[in-house]
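Have a look at the structure below before the remarks.
Numbering (our numbering), first residue to last: 30 to 297.
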């Protein structure tokens with residue numbers, strides 16, 4: 030019998046790498062253990078992503094900074110913030126980021142993908158995921174990922190991002206066009222960190238993804254056959270436990286220290 034292909038998304042890979050127990054809770058346990066509440070930085074990031082998606086859906090003559098800022102306001106939610114004042118402060122800040130971003134960008138382009146799902150078999154895995162934006166420049170695809178985190182980014186962040194590499198692998202096969210370039214657009218700083226992948230660098234990312242997929246697929250199959258979940262999916266404790274969504278179901282994670290406030294990861 031041929032081996033089944035394992036579906037691999039950046040989220041599954043990062044969850045497995047960060048903590049096998051969290052992987053089990055997120056993808057295997059039924060019913061899924063209760064998750065924690067909303068995080069303010071995720072709420073902010075979602076509003077920015079949704080605003081930019083809607084912005085590039087507008088006719089070119091309506092793609093103005095003011096329109097972009099208005100879209101942030103219309104997509105804004107308050108979940109995770111300490112209160113109305115903090116929410117208002119970061120809404121205005123996010124609107125300013127987006128307005129500045131489009132003021133300095135080529136808004137005449139029509140991306141060939143906005144929040145585009147790409148999926149393609151690659152060796153022993155199916156690489157897939159949702160890409161923020163896919164541009165076509167000079168006959169080649171460019172993967173664009175928006176970032177709203179508190180820290181600036183560098184070329185190495187784009188170079189070593191397994192998520193971006195998987196998007197390249199999936200996009201070039203899904204859309205049947207060459208693709209090697211990835212970009213991280215960090216809106217708070219207005220910077221773009223880019224990397225041009227080679228076949229060798231993509232192969233290295235692909236190999237690591239396959240190895241991780243084999244690990245979590247073997248653990249899953251053994252678990253399904255009755256294996257001990259505590260052995261197969263041990264907790265990996267660390268600073269990340271303070272903001273884990275499944276913290277309330279993990280005594281080891283709780284023992285690492287107090288839980289982070291829902292707004293702790295907002296940019297200062």
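Every residue, glycine too, gets a C-beta built ideally from N, C-alpha and C.
Item to check | At least three beta-carbon pairs within less than 8 Å, the stretch 116-126 to the stretch 142-155 | outcome: no
Next on the checklist: Taking only three categories from DSSP, how would you classify residue 215?
Outcome noted: Along the chain shown, one-based indexing puts residue 215 at 186. Strand at residue 215.
Next on the checklist: For residue 278 and residue 66, I'd like the C-alpha separation in whole angstroms.
Outcome noted: The sequence position of residue 278 within the chain shown is 249, counting from 1. The sequence position of residue 66 within the chain shown is 37, counting from 1. The straight-line gap from Cα to Cα measures roughly 14 Å.
Item to check | Of the listed residues 266, 235, 33, 78, nearest to residue 199 (C-alpha basis) | outcome: Reading the chain shown from its first residue, position 170 is the one you call residue 199. Comparing Cα positions, the closest option is 235.
Checklist entry - Near residue 274, which residues of its chain fall below 6 Å by C-beta distance, leaving aside the five closest residues on each side in sequence? => result Counted from its first residue, the chain shown places residue 274 at position 245. Excluding sequence neighbours, residue 274 sits near 64, 65.
Checklist entry - In angstroms, rounded to a whole number, what distance separates the CA positions of residue 98 and residue 71? => result Along the chain shown, one-based indexing puts residue 98 at 69. Along the chain shown, one-based indexing puts residue 71 at 42. Cα to Cα, residue 98 sits roughly 18 Å from residue 71.
Item to check | Straight-line Cα distance separating residue 186 from residue 171 | outcome: Position 142 of the chain shown, counting from 1, holds the residue named residue 171. Position 157 of the chain shown, counting from 1, holds the residue named residue 186. In a straight line, the C-alpha of residue 171 is about 16 Å away from that of residue 186.
Checklist entry - Should the stretch 47-60 be regarded as contacting the stretch 256-267, the criterion being three or more beta carbon pairs within less than 8 Å? => result yes
Item to check | Proximity test, residue 125 beta-carbon vs the ligand NAP heavy atom, cut-off 6 Å | outcome: Here there are no bound small molecules, and the ligand NAP is not part of this structure.
Item to check | Member of 203, 252, 194, 248 whose CA lies at the smallest distance from the CA of residue 233 | outcome: The residue you call residue 233 lines up with position 204 of the chain shown. Checking every option, the nearest Cα to that of residue 233 belongs to 194.
Checklist entry - Taking the Cβ atom as the reference point for each residue, do residue 213 and residue 174 lie within a distance shorter than 7 Å? => result Taking the chain shown and counting its residues from 1, the one referred to as residue 213 is at position 184. Taking the chain shown and counting its residues from 1, the one referred to as residue 174 is at position 145. Against a cut-off of 7 Å, the Cβ pair of residue 174 and residue 213 comes out as a contact.
Next on the checklist: For residue 227, count the other beta carbons within 10 Å of its own beta carbon; 16 or more makes it buried, fewer makes it exposed. Which is it?
Outcome noted: If you number the chain shown from 1, residue 227 lands on position 198. Exposed, because fewer than 16 other Cβ atoms sit within 10 Å of the Cβ of residue 227.
Checklist entry - For residue 95, which of 106, 116, 126 has the nearest alpha-carbon? => result Position 66 of the chain shown, counted from the first residue, corresponds to residue 95. Ranking the options by Cα distance to residue 95, first place goes to 126.
Item to check | Residue range of the alpha helix (DSSP H) that includes residue 88 | outcome: The sequence position of residue 88 within the chain shown is 59, counting from 1. Neither: residue 88 is in no alpha helix (DSSP H) and is coded neither H nor E.
Item to check | Per-residue burial, residue 42 [other beta carbons within 10 Å of its own, 16 or more giving buried] | outcome: Locating residue 42 in the chain shown gives position 13, counting from the first residue. Buried, since its Cβ has 16 or more Cβ neighbours within 10 Å.
Checklist entry - Exposed or buried, what is residue 222 when buried is set at 16 or more other beta-carbons lying within 10 Å of its beta-carbon? => result Translated into the one-based positions of the chain shown, residue 222 becomes position 193. Buried, by the Cβ-count rule.
Checklist entry - Span of the alpha helix (DSSP H) holding residue 127? => result Residue 127 sits at position 98 when you count from the first residue of the chain shown. From DSSP, the alpha helix (DSSP H) with residue 127 extends over 113-132.
Next on the checklist: Strictly under 7 Å for the Cβ-Cβ distance: is residue 229 near chain C by that measure?
Outcome noted: The structure shown contains no chain C; it holds only a single protein chain.
Checklist entry - Run through DSSP, which three-state label would residue 189 get? => result Against the chain shown, residue 189 aligns to sequence position 160. The answer is coil: DSSP assigns residue 189 none of H, G, I, E or B.
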